[in-house]
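Q:
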Amino acid sequence: LKRKNIEYQCYLSKSISSAEKRDLSFFDKVRQQRLEILQRIDKTGMSEKAKTFLKGIILADRTEIDAGTVRDFNRSGLIHLLAISGTHIVVIFGMFYFLQIRCMPLRLRKYAVIFSLVFIWLFAGFIGFGNSVLRSCIMLTVYFIYILLQRKTDLLHALGLSAFIILVFDTQQFFDIGFQLSFLAVLGIFWLNEPLLRKFPKQDHYWKKLLFNTITISIAAQLATLPLVLYYFHQFSFISVIANCIIVPFSEVIIVFSFLMTILIAFRIDFTFITVVYDNAILLLLKVIHWFAETDVLFFENIPMNLPEVISVLGVVYLLRSVILDFNFKSSMRLSMSFLAFLIIRTGSDVFENQREEVLFQEFNKNKVFLVKKGNEACFWISERTDRDRVIRYFINPYCSSRRIAHFEIKSFPSSVRKIVFQDQIYEVK
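Numbering-wise (my numbering), the sequence shown opens with residue 507 and increments by one.
1) Rounded to the nearest angstrom, what separates Leu693 and Ser818 at their Cα positions?
2) Does the segment 763 to 771 come close enough to the segment 562 to 574 that 3 or more CB-CB pairs lie under 8 angstroms?
3) Assuming contact is defined by CB atoms lying nearer than 8 angstroms, are Val823 and Ala727 in contact in what I supplied?
4) Cα separation between Pro941 and Tyr517?
5) I need the DSSP call for His796, collapsed to helix, strand or coil.
6) Check whether the segment 797 to 817 touches the segment 846 to 858, counting contact only when three or more Cβ pairs, one atom from each stretch, lie closer than 8 angstroms.
7) Ile633: which of Arg540, Phe604, Tyr737, Ile547 sits nearest, CA to CA?
8) Measure from the alpha carbon of Glu570 to the alpha carbon of each residue in Thr593, Leu544, Asp578, Thr550, then state which is nearest.
9) Out of Ser642, Lys708, Asp893, point me to the one whose CA is closest to Asp590's CA.
10) Do you know whose CA, among Val794, Val865, Leu790, Ile902, lies nearest Asn873's CA?
11) Count Cβ pairs between the segment 742 to 755 and the segment 787 to 805 that sit closer than 8 angstroms; are there 3 or more?
12) Per the contact definition of three or more C-beta pairs closer than 8 angstroms, is the segment 677 to 694 in contact with the segment 702 to 709?
13) State the Cα-Cα distance for the pair Leu605 and Ile595, rounded to the nearest angstrom.
14) How about Phe914 and Glu883: do their beta carbons lie closer than 8 angstroms?
15) Looking only at its own chain, which residues have a Cβ that is under 8 angstroms from the Cβ of Ser838, when we skip the five neighbours before and after it?
16) How many Å lie between Tyr738 and Pro904 at the Cα?
17) How is the alpha helix (DSSP H) around Lys616 delimited, first residue to last?
18) I need the straight-line Cα distance from Gly551 to Lys714, nearest angstrom please.
19) Measuring straight from C-alpha to C-alpha, what distance separates Ile937 and Ile626?
20) Between which two residues does the beta strand (DSSP E) carrying Gln868 extend?
21) Please give the ranges of any alpha helix (DSSP H) in the segment 772 to 834, keeping only runs that are unbroken, at least 4 residues long and fully inside the region.
22) Which value, in whole angstroms, describes the spacing of the CA atoms of Ser844 and His663?
23) At what residue ranges does the segment 644 to 719 contain a whole run of the alpha helix (DSSP H), taking only runs of 4 or more?
24) Compare the Cα-Cα distances from Val624 to each of Arg613, Ser638, Tyr603 and report the closest residue.
25) Looking at Ser582 and Ala799, is the spacing between their C-beta atoms short of 8 angstroms?
26) Which class does Lys557 belong to by DSSP, given the choice of helix, strand or coil?
27) Do Leu826 and Leu717 have their beta-carbon atoms positioned less than 8 angstroms apart in this structure?
28) From what residue to what residue does the beta strand (DSSP E) around Leu877 run?
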């Protein structure tokens, strides 16, 4: 919060009203237009889930998406589809460019690129210049400036220049999880996609090329971002690889269809048939994603990961390219030694944490949690009136991941209790 210049937080039970009246700025008027479109979406005949999905995937409004849907997208590894990211900006850019080149003569094609870039920046401003949207627009703009200047396109140069521009305006972006994951995913695709494609049959057909590229890009991006995902979220699902390979090929159709629906609703054009088709398509998509999310066999959570382990795993991913390109004794030994280094660091981290003993009395929002840790075991005492699920999700699970707890138990106690017994020791709760 301090990196966002937020020093304190307070919570009020009553609403705040202001008697001051002021003229709306240009950006306030733009936000008002976006709000009106959101309200028009609410008045359509679609189901609630389809409405909230449309608001999230095009207008970057995820405030009304229920917790179950967000959980399904997280567990299936498809949260990038719900949040506006590089995929959305590229698809919208491509759609607008495609429509222009059908109307413009060949000699004016470069203006189609310029108009498309202007359009995505206007779109980004309309939905509020979110961090992920801003990053995507800058990266796409830098890349196409290379083309317009007739310079040889270099992904690493474009990526580095994009990061430099972003960090010049806001250095704290370097610590943003989205910033780290987005750039690392692009680097992973650059480093591993081509070697992985060589292991597939020859792409002599459009559908083969689409299918194989989708699989290799998904694998490359997930391998590159896996260390940071485990470090920040401590969970991973192998089903996410399968889910991305199945859902992502249809993401362009979903985004274009959603964009078309938003335009129709914005201009108050009512096509009942299109609305029904979109509603049923989104409900089917959400059911498929829910099915992937419910596959608990391939889902793992509370996975411990510290910074030295992240660096060692990134080394493994880096050396993976040479093994894929040319599997020989030298490359395989380098990869094996790198993996061995990771195992040594992980074992040392486990031993260090298991030797620590800890007693804490923590206030979590309005809830109080008392915990005792011995070795790789811990016991948590929470008040009877505490929101149990919330405490487990936001306090107990992160604690178990950071302290590498193998076994834990949760007990409830009345607020009047002042002494707690754990493993024949008495602890006083003050």
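For glycine and all other residues, C-beta sits at the position ideal for the given N, C-alpha and C.
A: In short:
1) As a first step, residue 693 is located in the sequence shown; it is residue number 187 there, counting from the start. As a first step, residue 818 is located in the sequence shown; it is residue number 312 there, counting from the start. Distance between the alpha carbons of Leu693 and Ser818: 17 angstroms.
2) The answer is yes - the segment 763 to 771 touches the segment 562 to 574, with three or more Cβ pairs under 8 angstroms.
3) Locating residue 823 in the sequence shown gives position 317, where the first residue counts as 1. Locating residue 727 in the sequence shown gives position 221, where the first residue counts as 1. No, the pair does not count as a contact, with Cβ atoms beyond the cut-off.
4) Any answer about residue 941 is impossible in this case: the structure gives the chain only from 507 up to 936.
5) Here residue 796 refers to the residue found at position 290 when the sequence shown is read from its first residue. His796 falls in the helix class under three-state DSSP.
6) The segment 797 to 817 is in contact with the segment 846 to 858.
7) Position 127 of the sequence shown, counted from the first residue, corresponds to residue 633. It is Arg540.
8) One-based indexing of the sequence shown puts residue 570 at position 64. Considering only alpha carbons, the answer is Leu544.
9) For the purposes of this step, residue 590 is identified with residue 84 of the sequence shown, where counting begins at 1. First, the residue type needs correcting, since residue 590 is Ile and not Asp in the sequence shown. Per the C-alpha coordinates, the member of Ser642, Lys708, Asp893 positioned closest to Ile590 is Ser642.
10) If you number the sequence shown from 1, residue 873 lands on position 367. Measuring from the Cα of Asn873, the nearest candidate turns out to be Ile902.
11) At 8 angstroms Cβ cutoff, the stretches touch.
12) Cβ pair count under 8 angstroms is below three, so no.
13) Indexing the sequence shown from 1 puts residue 605 at position 99. Indexing the sequence shown from 1 puts residue 595 at position 89. Near 16 angstroms, if we compare the C-alpha coordinates of Ile595 and Leu605.
14) By one-based count along the sequence shown, residue 914 stands at place 408. By one-based count along the sequence shown, residue 883 stands at place 377. Yes. Within cutoff.
15) Numbered from 1 along the sequence shown, position 332 holds the residue referred to as residue 838. Here Ser838 has Val829 as same chain residues with Cβ atoms under 8 angstroms from its own Cβ, once five neighbours each way along the sequence are excluded.
16) Residue numbering aside, residue 738 sits at position 232 when the sequence shown is read from its first letter. Residue numbering aside, residue 904 sits at position 398 when the sequence shown is read from its first letter. Looking at the backbone, the Cα of Tyr738 and that of Pro904 are separated by about 10 angstroms.
17) Start at 1 with the first residue of the sequence shown, and residue 616 comes out as number 110. Its alpha helix (DSSP H) spans residues 615 to 632.
18) Taking the sequence shown and counting its residues from 1, one reaches residue 551 at position 45. Taking the sequence shown and counting its residues from 1, one reaches residue 714 at position 208. In this structure, the alpha-carbon of Gly551 lies about 38 angstroms from that of Lys714.
19) A query on residue 937 cannot be resolved here, the shown segment of the chain reaching from 507 to 936 and no further.
20) Residue mapping note: residue 868 aligns to position 362 of the sequence shown, counting from 1. For Gln868, the enclosing beta strand (DSSP E) covers residues 863 to 870.
21) Qualifying alpha helix (DSSP H) stretches, in chain order: 778 to 799, 813 to 831.
22) Taking the sequence shown and counting its residues from 1, the one referred to as residue 844 is at position 338. Taking the sequence shown and counting its residues from 1, the one referred to as residue 663 is at position 157. Rounded to whole angstroms, the separation of the alpha carbons of His663 and Ser844 is 28 angstroms.
23) Correct list: 661 to 675, 683 to 704.
24) Here residue 624 is taken as the residue at index 118 of the sequence shown, counted from 1. In terms of CA proximity to Val624, Tyr603 leads the group Arg613, Ser638, Tyr603.
25) Sequence index remark: in the sequence shown, residue 799 carries index 293 (1-based). Sequence index remark: in the sequence shown, residue 582 carries index 76 (1-based). The beta carbons of Ala799 and Ser582 sit closer together than 8 angstroms.
26) The sequence position of residue 557 within the sequence shown is 51, counting from 1. Three-state DSSP puts Lys557 in a helix.
27) Taking the sequence shown and counting its residues from 1, one reaches residue 717 at position 211. Taking the sequence shown and counting its residues from 1, one reaches residue 826 at position 320. No.
28) Residue mapping note: residue 877 aligns to position 371 of the sequence shown, counting from 1. Counting along the chain, the unbroken beta strand (DSSP E) around Leu877 starts and ends at 873 to 880.
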